[in-house]
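One line per chain: the protein sequences are A and B, in this order.
Read in our numbering, the first sequence has 351 at position 43, and its numbers run on one by one without any break.
Read in our numbering, the second sequence has 57 at position 52, and its numbers run on one by one without any break.
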Amino acid sequence: DVKVTQSSRYLVKRTGEKVFLECVQDMDHENMFWYRQDPGLGLRLIYFSYDVKMKEKGDIPEGYSVSREKKERFSLILESASTNQTSMYLCASSPIWAPNSGGTPDTQYFGPGTRLTVL
Amino acid sequence: AQSVAQPEDQVNVAEGNPLTVKCTYSVSGNPYLFWYVQYPNRGLQFLLKYITGDNLVKGSYGFEAEFNKSQTSFHLKKPSALVSDSALYFCAVRDFWGYQKVTFGTGTKLQVIP
């Protein structure tokens with residue numbers, strides 16, 4: 309089974325702190341994603357990465373950065389945490405797929421989530 | 006830009022009755038559609054997907070979904086609801102060209118009443 313793990317289930321930080329959220333997957337997937345989940349807003353994509361050292365902005369990248377130094381690990385960084393970044397953060401991975409590659413797109417595999425509270 | 010809408014924040018259904026959770030989508034080309042379920046304090050789990058072919062897709066836990074191209078809908082269904090089906094359900098879409106990016110709906114909370 310694919311396993312996606314996140315470093316913490318619950319995290320409490322203070323405004324202005326630098327926060328690191330870590331995600332590790334064990335299935336050699338090329339794609340990795342960071343989402344935040346908020347009631348009534350669903351899942352919103354923050355950043356994704358399709359290869360080591362490659363990253364693309366999602367829908368809400370402001371206030372966040374990411375790092376992918378190794379294929380299995382994708383880190384989300386809050387440079388200076390703010391209260392409006394209090395949320396559930398979900399990491400996901402999937403194999404890469406392109407329209408001309410044949411086959412069909414695979415699903416995303418999600419970690420258990422990190423509930424971050426910024427005071 | 007691709008998008009997906011789940012018009013109902015919550016759906017209540019009695020145990021044993023059929024259930025439907027609605028989803029409509031908008032993409033520029035052929036859609037790839039997914040349903041995920043989230044149980045309390047857990048990550049999202051894949052239920053089923055539509056890529057091409059039969060309009061009725063069968064998935065995990067007895068769920069199925071009906072793809073309707075003319076109505077741009079992909080509603081999730083189950084013939085007989087269980088209390089254990091109570092959870093948060095997300096519809097997601099991925100189009101042919103934005104292939105690495107998946108867009109999720111806002112989620113629908115399903116409450117199955119004993």
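Heads up, the beta-carbon is just placed ideally off N, CA and C, and yes, glycines get one too.
Nearest-angstrom Cα separation, counted from Val426/A out to Cys331/A: By one-based count along the first sequence, residue 331/A stands at place 23. By one-based count along the first sequence, residue 426/A stands at place 118. Straight-line spacing of the CA atoms in Cys331/A and Val426/A works out to 20 Å.
For Pro403/A, go through chain B and note every residue whose CB falls closer than 7 Å to its CB, in chain order. Translated into the one-based positions of the first sequence, residue 403/A becomes position 95. By Cβ distance, chain B contributes nothing, its closest Cβ being about 11 Å from Pro403/A, past 7 Å.
Which full runs of the beta strand (DSSP E) of 3+ residues lie inside the region 28-57 of chain B, going along the chain? The region 28-57 of chain B contains, as complete beta strand (DSSP E) runs of 3+ residues, the segments 29-31, 36-43, 49-55 (chain order).
Quick one: is Phe109/B near chain A, going by C-beta distance under 7 Å? Within the second sequence, residue 109/B is the residue found at index 104, counting from 1. For Phe109/B, a Cβ of chain A is located within less than 7 Å of the residue's own Cβ.
If you measure between the beta carbons of Cys18/B and Ala86/B, is that distance less than 7 Å? Residue numbering aside, residue 18/B sits at position 13 when the second sequence is read from its first letter. Residue numbering aside, residue 86/B sits at position 81 when the second sequence is read from its first letter. Note that residue 18/B is Val in the sequence shown, not Cys. When the beta-carbon positions are compared, Val18/B and Ala86/B come within less than 7 Å of each other.
Residues of chain A with CB closer than 9 Å to the CB of Lys27/B, please, in chain order. For the purposes of this step, residue 27/B is taken as the residue at position 22 of the second sequence. For the C-beta of Lys27/B, not a single chain A residue is nearer than 9 Å; the gap to the nearest is close to 14 Å.
Are Gly419/A and Gly112/B closer than 7 Å when you measure CB to CB? Residue 419/A sits at position 111 when you count from the first residue of the first sequence. Residue 112/B sits at position 107 when you count from the first residue of the second sequence. Remark: C-beta atoms of Gly419/A and Gly112/B do not approach each other more closely than 7 Å.
Given Gly67/B as reference, the closest of Leu81/B, Lys27/B, Phe39/B once Cα atoms are compared: As a working note, residue 67/B is residue 62 in the second sequence. Of Leu81/B, Lys27/B, Phe39/B, the smallest CA-CA separation from Gly67/B is found for Leu81/B.
Length of the line joining the Cα atoms of Ile385/A and Gln393/A: In the first sequence, the residue the question calls residue 385/A occupies position 77. In the first sequence, the residue the question calls residue 393/A occupies position 85. Their Cα atoms are separated by approximately 11 Å.
Bridge-paired residues (DSSP) for Ser373/A: Locating residue 373/A in the first sequence gives position 65, counting from the first residue. Looking at the DSSP assignment, Ser373/A forms a beta bridge with Ile385/A.
Gly1/B: buried (16+ other C-beta within 10 angstroms of its C-beta) or exposed? As shown, chain B starts at 6 and ends at 119. That puts residue 1/B outside it, with no answer to give.
Is there a Cβ of chain A sitting closer than 7 Å to that of Gly64/B, yes or no? As a working mapping, residue 64/B is identified with position 59 in the second sequence. With 7 Å as the cut-off, Gly64/B does not count as an interface residue toward chain A.
Between the beta-carbon of Trp40/B and the beta-carbon of Leu24/B, is there less than 7 Å? Looking up residue 40/B in the second sequence gives position 35. Looking up residue 24/B in the second sequence gives position 19. Contact annotation: Trp40/B and Leu24/B have beta-carbon atoms that are not nearer than 7 Å.
Per-residue burial, Lys83/B [other beta carbons within 10 Å of its own, 16 or more giving buried]: As a first step, residue 83/B is located in the second sequence; it is residue number 78 there, counting from the start. That one is buried.
Below 8 Å on the Cβ atoms is my guess for Val312/A versus Ala400/A; work out the distance and round it to an integer in Å. Taking the first sequence and counting its residues from 1, the one referred to as residue 312/A is at position 4. Taking the first sequence and counting its residues from 1, the one referred to as residue 400/A is at position 92. Indeed, because the Cβ distance is near 7 Å, the residues count as touching under 8 Å.
May I ask you to list the residues that DSSP assigns as paired with Ile118/B? By 1-based counting over the second sequence, the position of residue 118/B is 113. When beta bridges are read from the DSSP output, Ile118/B appears opposite Ala19/B.
Is it the case that the Cβ atoms of Asp346/A and Ser395/A are separated by a distance below 7 Å? Mapped onto the first sequence, residue 346/A falls at position 38. Mapped onto the first sequence, residue 395/A falls at position 87. With respect to Ser395/A, Asp346/A sits close: the two C-beta atoms are nearer than 7 Å.
For Val374/A, which option in Glu380/A, Phe356/A, Thr391/A, Arg352/A has the closest C-alpha, if you only look at C-alpha atoms? As a first step, residue 374/A must be located in the first sequence, where it is residue number 66. The option with the nearest alpha carbon to Val374/A is Phe356/A.
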